[in-house]
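*Asks:* Quick one: this structure, given as structure tokens, is what I'll be asking you about.
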Amino acid sequence: SQQGEEDPQALSIQEGENATMNCSYKTSINNLQWYRQNSGRGLVHLILIRSNEREKHSGRLRVTLDTSKKSSSLLITASRAADTASYFCATDPGSARQLTFGSGTQLTVLP
Amino acid sequence: DGGITQSPKYLFRKEGQNVTLSCEQNLNHDAMYWYRQDPGQGLRLIYYSQIVNDFQKGDIAEGYSVSREKKESFPLTVTSAQKNPTAFYLCASRLLAGGSDTQYFGPGTRLTVL
Numbered sequence: 001s002q003q004g005e006e007d008p009q010a011l012s013i014q015e016g017e018n019a020t021m022n023c024s025y026k027t028s029i030n031n032l033q034w035y036r037q038n039s040g041r042g043l044v045h046l047i048l049i050r051s052n053e054r055e056k057h058s059g060r061l062r063v064t065l066d067t068s069k070k071s072s073s074l075l076i077t078a079s080r081a082a083d084t085a086s087y088f089c090a091t092d093p094g095s096a097r098q099l100t101f102g103s104g105t106q107l108t109v110l111p
Numbered sequence: 112d113g114g115i116t117q118s119p120k121y122l123f124r125k126e127g128q129n130v131t132l133s134c135e136q137n138l139n140h141d142a143m144y145w146y147r148q149d150p151g152q153g154l155r156l157i158y159y160s161q162i163v164n165d166f167q168k169g170d171i172a173e174g175y176s177v178s179r180e181k182k183e184s185f186p187l188t189v190t191s192a193q194k195n196p197t198a199f200y201l202c203a204s205r206l207l208a209g210g211s212d213t214q215y216f217g218p219g220t221r222l223t224v225l
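Below, the structure is given as structure tokens:
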């Protein structure tokens, strides 16, 4: 079953705008990760946030985590056409168990 | 050049045939995973292995089989028992020691049943 659910399912913005994607999950986690997938390719790890962290930055990416609401958001600032891809959140319960992926947000950045 | 390789990139199968998808990694990772992705969907776990000669079923193991005879290899066989095998298959690996929680993915194999 899908642990994480992303919202919105699809997002279309102009180059230079910010893009925000949300992820909700159901059970307790050790960490939450965001991955990116270009069409027809494998997934690439973007950023990981642990359950005791509230916010994390990496370049143009900002991730927040609210464990009381069981939700996370991924913000991409100053988007570029090359950011066009699907973005997935994945929850990790810890103890080296497997990740559970959400259904993804398809981001389209228009030039 | 380190990483995870999957072959073939595209695979066509006739109904009733078994096919094997290859996944190799030279990252010295302990765990390896197979996922299935259908169009517009997220990833669903088929099988995973944390150590050589041991593997566990994921959420959708029926109609699939795996082996883990070597640390660097985790082939997936799609059997004729899998009724709807057309999908994009992704292999991933992860280093368990040292607390790394990131999975590294291969480029995927697109399987089409004719």
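Chains as they are written, first to last, in our numbering: chain A, 1 to 111; chain B, 112 to 225.
By construction, the Cβ of each residue, glycine as well, lies at the ideal position given by its N, Cα and C atoms.
Residue 22(A) bridges to which residues according to DSSP?
*Replies:* In the first sequence, counting from the first residue as 1, residue 22(A) sits at position 22. Answer is 7(A) and 73(A), bridged to residue 22(A).
*Asks:* Write down the C-beta distance between residue 36(A) and residue 85(A) rounded to the nearest angstrom, noting that I regard them as a contact closer than 8 Å.
*Replies:* As a first step, residue 36(A) must be located in the first sequence, where it is residue number 36. As a first step, residue 85(A) must be located in the first sequence, where it is residue number 85. The pair is a contact, with the Cβ atoms about 5 Å apart (cut-off 8 Å).
*Asks:* What does the alpha-carbon distance come out to for the pair residue 135(B) and residue 91(A)?
*Replies:* To locate residue 135(B), count along the second sequence from 1; it is residue 24. To locate residue 91(A), count along the first sequence from 1; it is residue 91. Cα to Cα, residue 135(B) sits roughly 25 Å from residue 91(A).
*Asks:* For residue 198(B), does the three-state DSSP call read helix, strand or coil?
*Replies:* Within the second sequence, numbered from 1, the residue matching residue 198(B) stands at position 87. Correct three-state label for residue 198(B): strand.
*Asks:* Using a Cβ cut-off of 7 Å, pull out every chain A residue sitting near residue 144(B), in sequence order please.
*Replies:* To locate residue 144(B), count along the second sequence from 1; it is residue 33. 98, listed in chain order.
*Asks:* At what residues does the beta strand (DSSP E) containing residue 90(A) begin and finish?
*Replies:* Here residue 90(A) refers to the residue found at position 90 of the first sequence. It spans 85 to 92 - the beta strand (DSSP E) in which residue 90(A) sits, taken as one unbroken run.
*Asks:* List, in order along the chain, the chain A residues whose C-beta lies closer than 7 Å to that of residue 153(B)?
*Replies:* In the second sequence, the residue the question calls residue 153(B) occupies position 42. Per Cβ cutoff of 7 Å: 2, 88, 101, 102, 103 and 104.
*Asks:* I'd like to check one pair, residue 200(B) with residue 222(B): are the Cβ atoms closer than 9 Å?
*Replies:* To locate residue 222(B), count along the second sequence from 1; it is residue 111. To locate residue 200(B), count along the second sequence from 1; it is residue 89. Contact: yes.
*Asks:* Strictly below 9 Å CB to CB, what residues from chain B border residue 33(A)?
*Replies:* By 1-based counting over the first sequence, the position of residue 33(A) is 33. Correct list: 212, 213 and 214.
*Asks:* What is the rounded straight-line gap between the Cα of residue 56(A) and the Cα of residue 45(A)?
*Replies:* Position 56 of the first sequence, counted from the start, is the residue given in the question as residue 56(A). Position 45 of the first sequence, counted from the start, is the residue given in the question as residue 45(A). Going from the Cα of residue 56(A) to the Cα of residue 45(A) covers about 14 Å.
*Asks:* According to DSSP, is residue 82(A) helix, strand or coil?
*Replies:* As a first step, residue 82(A) is located in the first sequence; it is residue number 82 there, counting from the start. Residue 82(A): helix per DSSP, three-state reduction.
*Asks:* Within its chain, find whatever has a CB closer than 7 Å to the CB of residue 168(B); leave out the 5 residues flanking it on each side and keep chain order.
*Replies:* On the second sequence, position 57 is the one that residue 168(B) refers to. Excluding positions up to five away in sequence, the list reads 158.
*Asks:* Please list the residues of the segment 28 to 52 of chain A that have a C-beta atom closer than 9 Å to any C-beta atom in chain B, keeping them in chain order.
*Replies:* 30, 31, 33, 35, 37, 40, 41, 42, 43, 44, 45, 48 and 50
*Asks:* Which of helix, strand or coil does DSSP assign to residue 172(B)?
*Replies:* By one-based count along the second sequence, residue 172(B) stands at place 61. In the structure shown, residue 172(B) sits in coil (DSSP, three-state: anything other than H, G, I, E or B).
*Asks:* Below 8 Å CB to CB, which residues in the same chain sit around residue 2(A) once its five sequence neighbours on both sides are set aside?
*Replies:* Walking along the first sequence from the start, residue 2(A) turns up at place 2. Unreliable positioning characterises residue 2(A) in this predicted model, as indicated by a pLDDT of 49, which lies under 50. A coordinate reading is not provided.
*Asks:* Tell me which residues of the segment 157 to 172 of chain B have at least one Cβ-Cβ distance to chain A shorter than 8 Å, keeping chain order.
*Replies:* 159, 161, 169 and 170
*Asks:* So, is residue 59(A) buried or exposed, given that buried needs 16 or more other C-beta atoms within 10 angstroms?
*Replies:* Working through the first sequence from its first residue, we reach residue 59(A) at position 59. That one is exposed.
*Asks:* From the DSSP secondary-structure annotation, give me the bridge partner or partners of residue 123(B).
*Replies:* Position 12 of the second sequence, counted from the start, is the residue given in the question as residue 123(B). Bridge partners of residue 123(B): 223(B).
*Asks:* Is residue 54(A) near residue 65(A), with beta carbons less than 9 Å apart?
*Replies:* Along the first sequence, read from residue 1 onward, the residue named residue 54(A) stands at position 54. Along the first sequence, read from residue 1 onward, the residue named residue 65(A) stands at position 65. For residue 54(A) and residue 65(A), yes; Cβs fall inside 9 Å.
*Asks:* Per the DSSP calculation, residue 115(B) is bridged to which residue(s)?
*Replies:* If you number the second sequence from 1, residue 115(B) lands on position 4. Residue 115(B) pairs with 136(B).
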